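J.:
Residue numbers (my numbering): 1 to 369.
1. What first and last residue would you give for the beta strand (DSSP E) that runs through residue 59?
2. Between 122, 87 and 310, which lies nearest to residue 111 when the distance is taken from Cα to Cα?
3. By how many angstroms is the C-alpha of residue 95 removed from the C-alpha of residue 28?
4. Look at the Cβ atom of residue 317, then the Cβ atom of residue 180, and state whether they are nearer than 8 Å.
5. By DSSP's criteria, residue 211 is part of a beta bridge. Which residues make up the other side?
6. Given that a residue counts as buried once 16 or more other Cβ atoms are within 10 Å of its Cβ, and exposed if not, what is residue 68?
7. Here's a check: name, in chain order, each residue in its chain whose Cβ is nearer than 6 Å to the Cβ of residue 82, leaving out the five neighbours to either side.
8. In the DSSP assignment, find the unbroken alpha helix (DSSP H) run with residue 27 in it and report its ends.
9. Rounded to the nearest angstrom, how far is the Cβ of residue 156 from that of residue 150, given a contact under 8 Å?
10. Distance check for residue 208 and residue 215, CA to CA, integer angstroms please.
11. Output the boundary residues of the beta strand (DSSP E) element that contains residue 142.
12. Buried or exposed, going by whether 16 or more other CB atoms sit within 10 Å of the CB of residue 300?
13. Grab me the residues of residue 63's own chain with a C-beta within less than 7 Å of its C-beta, minus the 5 sequence neighbours each way, in chain order.
14. When the Cα atoms are used, what is the spatial distance from residue 98 to residue 154?
15. Just the Cα atoms here: how many angstroms apart are residue 106 and residue 306?
16. In this structure, how does DSSP classify residue 351 when only helix, strand and coil are distinguished?
17. Determine the contact status of residue 176 and residue 35, defining contact as a CB-CB distance below 8 Å.
18. Just to confirm before moving on: does the CB-CB distance between residue 297 and residue 66 stay below 8 Å?
19. Need the endpoints of the alpha helix (DSSP H) that residue 373 sits in, please.
20. Please list, in chain order, all residues of the same chain as residue 20 whose beta carbon is under 6 Å from its beta carbon, the five residues on each side excluded.
21. Just mark residue 75 as buried or exposed, buried being the case when its beta carbon has 16 or more other beta carbons within 10 Å.
22. Name the DSSP bridge partner or partners of residue 158?
23. List the endpoints of the continuous beta strand (DSSP E) containing residue 119.
24. Which same chain residues end up closer than 7 Å to residue 349 when comparing Cβ atoms and leaving out the 5 residues on each side of it in sequence?
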């Protein structure tokens, strides 16, 4: 991550988005690369399938509105998706607190957050004090559309342990975008690459440029072009000569590594030392995917929502990662049976883990089994 700009010590300042790379690789440009879009969708798709709970020790509590529908205008997966998207690309995300529960205390005069809304990363600017000896350097936040500095208690900030991929992977992303553009140029042209040989009088630079432009325009609108004084010679250049196929495959592999996603899960190049995604290794691939690509960002959200300014002391927030394993029924069944055999869980808990009702009345609602 880039270092912030230097300012005189003790001077309040508004820290611009200095951890956005200055090389011009934007999120939208990065998402134009299929491999990056696939990695993002896999991570957010997996996280959105996991339930989030509130605990006090081993006791599971009512999650409350903040973990069910924090934003009254949208659903939890949308809020979670925006938060994870910012963590992936920028390494930081923000929620704007909309309402408190009113249970005030000395630490939290307004109580604990009850409603909150995800705010895009680029719409929030931290205002900090450069005095390194200050207990807290944070003064507040500038939020797009608000003229005043927002108090820190009204913003929930998620700080990832990883830098955003836009700041550390800009070179890889730029290379992938260039390869996609090169492939698109080959796909858009109707006439193979070639040269025009002048066989008549000598032409000036502007005349030659006009001739080439007229030839390209004629070929774009007609199947036949008329040439006088020049001949067209096709060059023997194709995507294989430029190694576009191999280059795009390697770029997809590198993009998967930026997100710690197993290469096989996005169908990237086997030349990147990726094993094929088979049913026999699906469980292990999913375990690696959840552990390396999804869990670190979920841990950031868990730790932030478990802070004493967000959740009462003694309570914690955690995602149910095991829910995602239900996408592989055999692995989920084996896991539940092993826990039951080891007397770690009860029969009803094992049935609940597999989505099977614990009562004798079988519920055949789709998705329950």
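Cβ atoms here follow ideal geometry from the backbone N, Cα and C, with glycine treated the same way. No experiment lies behind these values; they were computed from the predicted model shown.
T.: With the structure as the only source:
1. 59-61
2. 310
3. 21 Å
4. no
5. In the DSSP output, where bridge partners are listed per residue, residue 211 has none listed.
6. exposed
7. 118
8. 27-31
9. No, residue 156 and residue 150 are not in contact; Cβ-Cβ is about 12 Å, not under 8 Å.
10. 11 Å
11. 138-143
12. buried
13. 52, 53 and 54
14. 8 Å
15. 18 Å
16. helix
17. yes
18. no
19. As shown, the chain starts at 1 and ends at 369. That puts residue 373 outside it, with no answer to give.
20. Caution is warranted here: a pLDDT of 43 is assigned to residue 20, below 50, making its placement in the model unreliable, and no coordinate value can be reported.
21. exposed
22. 93
23. 113-119
24. none
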